[in-house]
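Below is one structure, written out as C-alpha cells, with a few remarks after it.
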Amino acid sequence: MLPENLTAIVARNEIWTGMSATEPYEAGWAKEAVIFVRALKPPKGKLPKARIEISADGMHWAPEGSEFDLPAVENAVTFQRVAHFGNFLRVAASLPAGAEITVLVSMHFKA
49 MLPENLTAIV
59 ARNEIWTGMS
69 ATEPYEAGWA
79 KEAVIFVRAL
89 KPPKGKLPKA
99 RIEISADGMH
109 WAPEGSEFDL
119 PAVENAVTFQ
129 RVAHFGNFLR
139 VAASLPAGAE
149 ITVLVSMHFK
159 A
C-alpha cells in the first residue's frame, strides 16, 4: 500500500491583522501534519506567536497547545509539526495594533 500524502494551501497572499486565522482544513484521516508559514512581504510591527487550533466541527475552536514564531522577514519560513489532532486544523494569531503580515500557509499531511 502506498503512503497517503496531501498538501493544502489554506492561506495565500492574505494580510493578517488583529485576530486572524486560516481557513479550516478537514484532515481527520491524517496521523501527522507539518504546517508552514511564509511571509510574502516584509512584516510590520511586533509579531506574536502563531498557534495551532483544532475543532470537531470546523466552527468551534480550541487551542491545540502548539505555538510557533511567525516569519520575521520577507520570504522567511517557519513551521510547526502536529500529531494527535481532531478532525479540523487551522493556524491562528492575535496580532497587536500596528502589526501586519502577508502570509502563505500550507499544510502537509501524512496518513
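Heads up: the sequence shown begins at 49 in this note's numbering, then just goes up one per residue. Every residue gets a Cβ at the ideal spot worked out from N, C-alpha and C, and that includes glycine.
Helix, strand or coil: how does DSSP classify residue i here?
i      : result
Lys158 : strand
Gly146 : coil
Gly76  : coil
Pro119 : coil
Lys97  : strand
Going by C-alpha distance, which of the options is nearest residue i?
i      : options                         : result
Val130 : Thr70, Gly66, Ile83 and His108  : Ile83
Arg138 : Lys92, Phe157 and Leu95         : Phe157
Glu115 : Lys79, Leu95, Ala78 and Gly134  : Leu95
Gly134 : Gly93, Thr65, Pro111 and Leu118 : Pro111
Which term fits residue i, buried or exposed, when burial requires 16 or more other beta carbons within 10 angstroms of its beta carbon?
i      : result
Thr70  : buried
Met155 : buried
Pro101 : It is worth fixing the name first, because residue 101 is Glu in this sequence and not Pro. Buried, because 16 or more other Cβ atoms sit within 10 Å of the Cβ of Glu101.
Ile149 : buried
Ala160 : The chain is shown only over 49 to 159; residue 160 falls outside these bounds and no answer can be derived.
Please check if any C-beta of chain C sits within less than 8 Å of the C-beta of residue i.
i      : result
Val151 : Among the chains in the structure shown there is no chain C, since it carries only a single protein chain.
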